[in-house]
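Numbered per the working numbering, the sequence shown spans residues -18 to 192.
Here the structure is laid out as structure tokens; the discussion comes afterwards.
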Amino acid sequence: DTEANTTSGRADPYLPLEFSSSLALWLDASELSTSGTSWADKSGNGNSAAKTGSPTVLSNFQNGKSVMHYTGNGQRHTFNMISDIRTVFWVISQDSSVNGSGFRFVLNDTTKHPHWHNNRNGKFWGSHTASQVKSGVTHLNGNVINGETTSYPNSLAILSVKTTSNSDADCFGYDRSSTGNQWIGKLGELIIYNSALSPSDIRKIEGYLAH
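This is the structure:
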């Protein structure tokens, strides 16, 4: 992306910190070699995500970088509740073995019905999705999509969502205590801001992730 900050042709790894005043969480698997008891938060807020179950790190998975892989019931990473989510970015894919099945959400909640709920059909959003999420702007690889008709990608892709008002989440993996509502797939990065980033700033972060 031509809008991405670059040094010697490489994306600036600190670009997400350019908007540090509203950066609430930044989980980056790219340099991980193992899945420890917690996943360090790079936002500077100390909101590291605690591991439940046994998600694994797949090293050298994408362009020499690692990803986190969730493969079964009871695997997730939980962080302190963020109740004012406005812009979120993921590098994410769903394993093709579970296409079109199960409640699988891109963000979760340990305390109540997740704002990021869907219709158990492999699409991003559904009738149970919170209005501020569904009515927001969802991009997949830089293109605006209809989250109610678009399926989760099976290859790593860049997802971004700007909500219309505050939303919340405190984990990635599964919904409340419903371990069957499990994400099955990969997560490369998760970046959460508590402000509604401008379209140009969203493009910058998407460009960083694309690199």
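For each residue, glycine too, the CB sits at the ideal point set by N, CA and C.
Predicted model only: the values in this text are computed from it and were never measured.
Is residue i near residue j, with beta carbons less than 8 Å apart?
{"i": "I63", "j": "I173", "result": "yes"}
{"i": "D212", "j": "I165", "result": "Because the chain is modelled from -18 through 192, residue 212 falls outside the range shown and cannot be assessed."}
{"i": "T92", "j": "R57", "result": "no"}
{"i": "W20", "j": "L8", "result": "yes"}
{"i": "F60", "j": "N28", "result": "yes"}
{"i": "T160", "j": "G55", "result": "yes"}
{"i": "A10", "j": "L190", "result": "no"}
{"i": "A150", "j": "W97", "result": "yes"}
{"i": "N102", "j": "H109", "result": "no"}
{"i": "F105", "j": "E170", "result": "no"}
Among residues of its own chain, excluding the 5 on either side of residue i, which ones have a beta-carbon nearer than 6 Å to its beta-carbon?
{"i": "Q113", "result": "T144, T145, S146 and S148"}
{"i": "T119", "result": "I126, G128 and V142"}
{"i": "N80", "result": "G103"}
{"i": "F217", "result": "The chain is shown from -18 up to 192; residue 217 falls before or after that span and cannot be answered."}
{"i": "G107", "result": "N99 and N100"}
{"i": "R85", "result": "W164"}
{"i": "K46", "result": "S11"}
{"i": "S116", "result": "T145"}
Helix or strand or just coil, what does DSSP make of residue i?
{"i": "K23", "result": "coil"}
{"i": "Y(-5)", "result": "coil"}
{"i": "I126", "result": "coil"}
{"i": "S181", "result": "helix"}
{"i": "G169", "result": "strand"}
{"i": "S47", "result": "strand"}
{"i": "L13", "result": "coil"}
{"i": "L137", "result": "coil"}
{"i": "S176", "result": "coil"}
{"i": "G161", "result": "strand"}
{"i": "S35", "result": "coil"}
{"i": "S29", "result": "coil"}
Report all residues from its chain with a CB closer than 8 Å to the CB of residue i; omit the five preceding and five following residues, and keep chain order.
{"i": "G17", "result": "K32"}
{"i": "G25", "result": "L(-2), S1 and L4"}
So, under 8 Å CB-CB, residue i and residue j are touching, yes? Tell me the CB distance rounded to an integer number of Å.
{"i": "Q163", "j": "Y(-5)", "result": "Going by Cβ atoms, the distance from Q163 to Y(-5) rounds to 33 Å, so no, they are not a contact pair."}
{"i": "V87", "j": "L140", "result": "7 Å"}
{"i": "S179", "j": "R67", "result": "Actually they are not in contact, since the Cβ atoms of S179 and R67 sit about 12 Å apart, beyond 8 Å."}
{"i": "A138", "j": "I186", "result": "In fact, because the Cβ distance is near 14 Å, the residues do not count as touching under 8 Å."}
{"i": "P95", "j": "D156", "result": "5 Å"}
{"i": "G130", "j": "L121", "result": "This sequence places Thr at residue 130; Gly is not what is there. Rounded, the Cβ-Cβ distance is 12 Å, inconsistent with contact."}
Output needed for residue i: all residues of its chain with C-beta closer than 7 Å, excluding positions within five of it in sequence on either side, in chain order.
{"i": "L(-2)", "result": "L4"}
{"i": "K230", "result": "This structure gives no information on residue 230, because the portion of the chain shown stretches from -18 to 192."}
{"i": "A111", "result": "H96 and S148"}
Which runs of the alpha helix (DSSP H) fall wholly inside the stretch 73 to 121 and span at least 4 residues, in chain order?
-> 112 to 115
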